[in-house]
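Quick notes on the structure that follows.
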Amino acid sequence: MDQPEHAVAAVTHPDPYPYYAELVAKRPFQRDDTLGFWVAASAAAVTAVLTSELCRVRPVSEAVPKALVGTAAGDVFGRMVRMNDGAYHVRLKPSVSATVAMLDPGLVARHADAAAQTLVAELEPGIHPARIGDFAFRLPPYVVGALLGLAPDGLPAIAASAGDFVRGLAPGATADEVDRGAGAARALVQAVRTLPRFWQSYEATAALLGNTLLALARHAHVRELLARDAPALRAVVAEVARHDAPVQNTRRFVATAGGVAGQAMKEGDTVLVLLAAANRDPAVNDDPARFEPARRERRTFTFGFGPHACPGETLAVTIAAAGVARLLATGVDPERVAASYTYRPSANIRMPRFN
Ligand code: HEM
6 MDQPEHAVAA
16 VTHPDPYPYY
26 AELVAKRPFQ
36 RDDTLGFWVA
46 ASAAAVTAVL
56 TSELCRVRPV
66 SEAVPKALVG
76 TAAGDVFGRM
86 VRMNDGAYHV
96 RLKPSVSATV
106 AMLDPGLVAR
116 HADAAAQTLV
126 AELEPGIHPA
136 RIGDFAFRLP
146 PYVVGALLGL
156 APDGLPAIAA
166 SAGDFVRGLA
176 PGATADEVDR
186 GAGAARALVQ
196 AVRTLPRFWQ
206 SYEATAALLG
216 NTLLALARHA
226 HVRELLARDA
236 PALRAVVAEV
246 ARHDAPVQNT
256 RRFVATAGGV
266 AGQAMKEGDT
276 VLVLLAAANR
286 DPAVNDDPAR
296 FEPARRERRT
306 FTFGFGPHAC
316 PGETLAVTIA
326 AAGVARLLAT
336 GVDPERVAAS
346 YTYRPSANIR
356 MPRFN
């Protein structure tokens with residue numbers, strides 16, 4: 006199989022992992038002149054970049070993407086914990102982390118299972134596998150919406166708005182998508198004042214669910230494990246997050262020139278941080294290509310690291326596991342659905358679209 010052309014193309018490549026392994030071994034942190042970015046691949050380089058005081062989550066000169074400035078979506082973007090640094094981030098991050106940490110795991114699992122049941126009844130993905138994507142996309146906003154106390158009849162509209170909002174933020178969104186995203190942002194803010202903190206549950210969690218179905222299709226030993234030990238599904242989902250990361254990369258922007266992981270960086274440089282490559286660095290995970298749900302001391306970079314690390318990891322694993330459990334119970338056969346799929350176009354999310 007051909008290798009991906011570069012680290013961004015790797016996200017949707019059928020098997021980017023030999024390429025990532027080569028980067029980790031031979032080019033752990035290098036400038037890629039085709040992309041015009043630095044690319045950090047090894048666990049050490051990824052850790053150094055994500056903890057560097059010189060690096061920011063947004064370019065200094067463009068805190069809000071140009072296409073969104075002056076729109077409701079831009080306003081929400083500017084207030085997101087995920088996309089801010091400095092005093093605003095320092096002030097808000099602890100309350101977001103504490104809110105998510107306070108969620109009762111049993112309650113989350115019950116909401117996730119109830120939402121999965123509702124969506125299975127509505128979409129019948131067991132009969133129509135092409136609707137699994139729709140199921141995966143709607144599940145996270147249904148669960149997060151229910152946890153925020155929204156009434157069940159308001160959840161379909163929230164899920165639709167979350168979809169429009171995320172599509173409008175995507176790099177390369179059309180003018181029409183940006184417009185719809187702005188309308189969705191207004192609707193979301195009105196529905197839940199706290200939602201700006203939560204929208205990111207959407208795409209990555211859907212992708213984690215999709216990649217878990219693929220892992221079940223690819224690994225007979227995992228299907229056998231689940232046949233005798235259904236609760237092992239959580240460990241399977243956690244290993245999917247490491248082995249076939251739904252978020253393959255994130256970016257950093259150098260705010261002040263200086264040394265990062267032994268390289269001299271200029272102000273304005275961009276770093277592509279390959280979380281999915283670092284997950285498979287043999288320096289932090291033994292025999293990293295092996296899919297091993299019982300892996301001890303698993304090191305996963307998929308949820309970030311350092312000051313911007315994701316507070317939603319446990320929530321995401323619970324939602325994805327509940328969704329997969331319901332799909333399996335309703336007769337979805339992973340091997341059958343994985344017989345035909347492509348990856349959705351994206352510069353950082355690896356999510357299969359089943360045909
Ligand atoms: C599979 C699902 C998920 C994945 C893979 C994921 C991944 C990530 C990653 C990589 C970051 C760090 C980005 C960076 O440093 O540049 C992040 C940040 C964040 N995530 Fe998640 N996430 C997921 C689900 C969720 C969920 C369910 C929530 C809801 C609570 C959430 C809330 C956040 C927030 C608020 C941040 C910003 C943290 C900060 O900047 O300090 N995520 N996520």
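Just so you know, the sequence shown maps onto residues 6 to 360 in my numbering.
Where a beta carbon is used, it is the ideal one built from N, C-alpha and C, also for glycine.
1) What is the DSSP secondary structure of P5, reduced to helix, strand or coil?
2) In the DSSP output, which residue or residues are listed as bridge partners for F5?
3) For P312, which option in V13, T210, D38, H94 has the closest C-alpha, if you only look at C-alpha atoms?
4) Can you name the start and end residues of the beta strand (DSSP E) that L55 belongs to?
5) Between D80 and L277, what straight-line distance do the alpha-carbon atoms span, to the nearest angstrom?
6) Using DSSP's beta-bridge definition, name the partner residues of Q35.
7) Is it right to say E208 is buried, meaning 16 or more other beta carbons lie within 10 angstroms of its own, or is it exposed?
8) Beta-carbon separation of I324 and L152 under 8 Å?
9) Just to confirm, does V62 get its C-beta within under 7 Å of one of the non-hydrogen atoms of the ligand HEM?
10) How would you label V16, buried or exposed, when you count the other beta carbons within 10 angstroms and need 16 or more for buried?
11) Would you check if there are 3 or more beta carbon pairs closer than 8 Å linking the stretch 24–39 to the stretch 240–252?
12) Does the beta-carbon of F82, which I'm using as the reference point, lie nearer than 7 Å to any heavy atom of the ligand HEM?
13) In the DSSP assignment, what are the bridge partners of T307?
14) Under a Cβ-count criterion, where at least 16 other Cβ atoms within 10 Å of its own Cβ denotes burial, should G173 be classed as buried or exposed?
15) My guess is that V337 and G138 are in contact by the Cβ rule of under 8 Å, so how many angstroms apart are they, rounded?
16) Please state the DSSP three-state secondary structure of Q195.
17) From the DSSP output, which residues share a beta bridge with M270?
18) Here's the rule: buried if 16 or more other CB atoms are within 10 angstroms of the residue's CB, otherwise exposed. What is R341?
19) Comparing the CB of A164 with every heavy atom of the ligand HEM, is any distance shorter than 7 Å?
20) With L277 as the anchor, note down where its alpha helix (DSSP H) starts and where it stops.
21) Got a sec: does the ligand HEM put a non-hydrogen atom nearer than 7 Å to the Cβ of L213?
22) Nearest-angstrom Cα distance between M88 and H133?
Taking the structure as given:
1) The question about residue 5 has no answer here: the residues shown for the chain are numbered 6 through 360.
2) Here the chain comprises residues numbered 6 to 360, so residue 5 is not present and cannot be evaluated.
3) The residue among V13, T210, D38, H94 with its C-alpha nearest the C-alpha of P312 is H94.
4) In the DSSP assignment, L55 falls outside any beta strand (DSSP E) and within the unbroken alpha helix (DSSP H) covering 48–55.
5) Cα to Cα, D80 sits roughly 25 Å from L277.
6) Answer by DSSP bridge pairing, in chain order: V44.
7) Only buried fits E208, as 16 or more other CB atoms lie within 10 angstroms of its CB.
8) Cβ atoms of I324 and L152: not closer than 8 Å.
9) Taking non-hydrogen atoms of the ligand HEM into account, the C-beta of V62 is found less than 7 Å away from one of them.
10) V16 should be labelled buried.
11) No, because fewer than three Cβ pairs between the stretch 24–39 and the stretch 240–252 fall closer than 8 Å, the two stretches do not touch.
12) No.
13) None; T307 has no bridge partner.
14) By the neighbour-count rule (16 or more Cβ atoms within 10 Å), G173 is buried.
15) The beta carbons of V337 and G138 sit about 12 Å from each other, so the pair does not count as a contact at 8 Å.
16) Q195 sits in a helix when the DSSP states are folded into three classes.
17) Partner(s): G263.
18) Classification of R341: exposed, given that the 10 Å Cβ count is below 16.
19) For A164, the CB stays at least 7 Å from every heavy atom of the ligand HEM.
20) Counting along the chain, L277 falls outside any alpha helix (DSSP H), though it belongs to the beta strand (DSSP E) covering 275–278.
21) Because some heavy atom of the ligand HEM lies under 7 Å away, the Cβ of L213 counts as near it: yes.
22) Distance between the alpha carbons of M88 and H133: 37 Å.
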